[in-house]
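J.: Below you will find the structure I want to go over with you.
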Amino acid sequence: MLDQARVMRALENVYDPELHQSIVALNMVRNVAIEPSGRVALDIALTVEGCPLHQKITDDVNHVLRQDPEITDVAVNLSVMNEQERKKAFQKAFESAQQNRAQGATSAKPNVTPPTTSSNTRQAPVIGPLPGQGPAEGMMSDANKTVVIGIASGKGGVGKSTITANLAVALNKLGARVGIIDMDIYGFSQGRMFGAKDKARVNEQEKIIPWQVHGVYLVSMGMFVEEGQAIVWRGPMLGKMMQQFFTDVAWPELDYLLIDLPPGTGDVALDIAQKVRKAKLVLVTTPQEVATYVAHRAGDVAKRAHQEIIGVIENMSYVLCPHGDRMNIFGSGGGKALADLFRVPLLGQIPLESTVREGGDEGEPVVVSDPESLSSHVFLDIAARIKHRIEEEAAG
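So in full-length UniProt numbering, spot 77 of the sequence shown is number 77, and the numbers just go up one at a time.
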């Protein structure tokens, strides 16, 4: 007999393509109605308004239900979750990803032994070869499966480092293994944003052990210098440091490695484009015309180096007033204009919220410190869009 339970069992085989969970488990299926004729009507509550994958979800629902010989027609109505429902859906996806990862780690049983202290007084945890650790070229090798993404702006002060930190945590919440290289050598800040203060340690293979905070692996110049100490280096030294961060760090097996690039289009940006040939790029701007004008230069360098630009993120897009109206303090349209110029998607618009700044100052990115905030949801949506695009490319 065709009933609601039978329909729901069938829909358990339809997965949200961004969160990789059943639409039934995520509570996306609502108001299932079955007519005597065998026509099934239902609502699907999307996690975000304007979800770019709504058609795929609709098609999958139709395909699965029409396998039942008693179902003669399917009608899908799309709606959008409220904030509380969205929070629960993301939490469900995060918990499931963590559980799957833990099961995978248990079965893998990597060779790791407890920390010891080396004879030269440096803290040197003795660890075996990390999963996926390859030859000396490591992350720079074309054979390495880690997706390398540079976060660039061309201009300082647009929130590039804040976006890098929150995007890394958001990708991790979606089940990905993520690392960050803080390549802003003169203006390094990722350590502070993650609350990491320990100085660099090495393992028995003399590889630098990255910080691990909020599920993200991280290396930065902050591991090597005292608080407030300036870095006074010429160009060649920057290239050597970049090489070290890629090849002399005991990186675990990562899905994504985000590079917090310095402002401008100098040596570091060129080295990443030329030496890490598989690296992709995300451009960060504000709505302001001057920020977009400078970010265009960073994108131009990428294009000349045949580097793929994934999309544009517009930061400090607006302030959401208590009564619900938006104030466009820095103007509007800059991110969309930059995205259109390079013919790439505008991945998201991040509002100007004090919780974002507070999270960075306190060592807890807002995706961790205030997961219910509007900014957190936008970061998670951007991470899901990037993840989906990368997975689509990998699938061919």
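No residue lacks a Cβ here, since even glycine has one placed at the ideal position from N, Cα and C.
Taking 8 Å as the threshold (C-beta atoms), are Glu-314 and Leu-352 in contact?
T.: Cβ distance not < 8 Å, so Leu-352 and Glu-314 don't count as in contact.
J.: Between which two residues does the alpha helix (DSSP H) carrying Tyr-217 extend?
T.: Unbroken run through Tyr-217 is the beta strand (DSSP E), 216 to 219; no alpha helix (DSSP H).
J.: Around the C-beta of Tyr-186, are 16 or more other C-beta atoms found within 10 angstroms, so that it is buried, or is it exposed?
T.: Its Cβ having fewer than 16 others within 10 Å, Tyr-186 is exposed.
J.: Kindly provide the ranges of any beta strand (DSSP E) runs that are 3 or more residues long and lie completely inside the UniProt domain "MIP18 family-like" (5 to 77), ordered along the chain.
T.: Counting whole runs of 3 or more residues, the UniProt domain "MIP18 family-like" (5 to 77) contains the beta strand (DSSP E) stretches 29 to 34 and 39 to 46.
J.: For Val-24, which residues from the same chain have a beta carbon less than 7 Å from its beta carbon, with the 5 sequence-adjacent residues on both sides left out?
T.: Closer than 7 Å at Cβ, skipping near neighbours: Met-8, Leu-11 and Glu-12.
J.: So the candidates are Thr-72, Ala-295, Met-316 and Pro-322; which of them puts its Cα closest to the Cα of Ile-309?
T.: The candidate whose alpha carbon is nearest that of Ile-309 is Ala-295.
J.: In the DSSP output, which residue or residues are listed as bridge partners for Val-213?
T.: Val-213 pairs with Val-216.
J.: Would you please state the rounded distance, in angstroms, between the beta carbons of Ala-279 and Val-178? I believe it to be under 8 Å.
T.: Going by Cβ atoms, the distance from Ala-279 to Val-178 rounds to 15 Å, so no, they are not a contact pair.
J.: So, helix, strand or coil for Ser-332, using DSSP?
T.: Here Ser-332 sits in coil by DSSP.
J.: Have a look at Met-1 and Asp-43 and give me their C-alpha separation to the nearest angstrom.
T.: Met-1 and Asp-43: Cα-Cα distance of roughly 22 Å.
J.: Would Ser-317 be called buried (16 or more neighbouring beta carbons within 10 Å of its own) or exposed?
T.: Its Cβ being crowded by 16 or more others within 10 Å, Ser-317 is buried.
J.: Are the beta-carbon atoms belonging to Met-221 and Asp-182 less than 8 Å from one another?
T.: Contact: yes.
J.: For Gly-38, collect the residues of the same chain with a Cβ closer than 6 Å to its Cβ; drop the 5 residues on either side in sequence, then sort them by chain order.
T.: Around Gly-38: Glu-70, Ile-71 and Thr-72.
J.: Does Ser-376 come out as helix, strand or coil in the three-state DSSP assignment?
T.: The answer is helix: DSSP assigns Ser-376 an H, G or I state.
J.: Should Val-219 and Phe-245 be called a contact, given that it needs their Cβ atoms to be closer than 8 Å?
T.: In contact: Val-219 and Phe-245 (Cβ atoms closer than 8 Å).
J.: Assign Ser-354 to one of three DSSP states: helix, strand, or coil.
T.: Helix.
J.: At which residues does the beta strand (DSSP E) containing Ala-152 begin and terminate?
T.: Ala-152 -> beta strand (DSSP E) spans 147 to 152.
J.: Cβ atoms of Ala-298 and Ile-175: under 8 Å apart, would you say?
T.: In the sequence under discussion, the amino acid at residue 175 is Gly, which differs from the Ile named in the question. No, they are not a contact pair.
J.: Are there 16 or more other CB atoms within 10 angstroms of the CB of Ala-384, so buried, or fewer, so exposed?
T.: Label assigned to Ala-384: buried.
J.: To which residues of the same chain is Asn-166 closer than 7 Å at the C-beta, ignoring the five residues directly before and after it?
T.: Within the same chain, Asn-166 has close Cβ partners Pro-365, Val-366, Val-367 and Phe-379.
J.: Quick one: what's Thr-285 bridged to in DSSP?
T.: BP columns for Thr-285 point to Glu-314.
J.: Candidates Leu-26, Ala-5, Asp-325 and Val-284: which alpha carbon is nearest Val-14's?
T.: Ranking the options by Cα distance to Val-14, first place goes to Leu-26.
J.: Out of Ser-79, Phe-194, Leu-257 and Val-40, point me to the one whose CA is closest to Lys-387's CA.
T.: Looking at the Cα atoms, Leu-257 is the closest of the given residues.
J.: Taking just the CA atoms, how far does Thr-164 sit from Gly-191?
T.: Distance between the alpha carbons of Gly-191 and Thr-164: 12 Å.
J.: Rounded to a whole number of angstroms, what is the C-alpha to C-alpha distance between Lys-173 and Ile-180?
T.: So the alpha carbons of these two residues sit roughly 15 Å apart.
J.: For Leu-46, I'd like the list of residues in its chain whose CB is within less than 8 Å of its CB, leaving aside the five on either flank, ordered along the chain.
T.: Counting only Cβ-Cβ distances below 8 Å, and skipping sequence neighbours, we find Met-28, His-54, Ile-57, Leu-78, Ser-79, Val-80 and Met-81.
J.: Give the straight-line distance between the Cα atoms of Val-48 and Val-202, rounded to the nearest whole angstrom.
T.: Each residue's Cα considered, the two are about 43 Å apart.
J.: Could you have a look at Pro-131 and say whether DSSP puts it in helix, strand or coil?
T.: The pLDDT assigned to Pro-131 is 34, lower than 50, so where the model puts this residue is not dependable, and the model offers no usable value.
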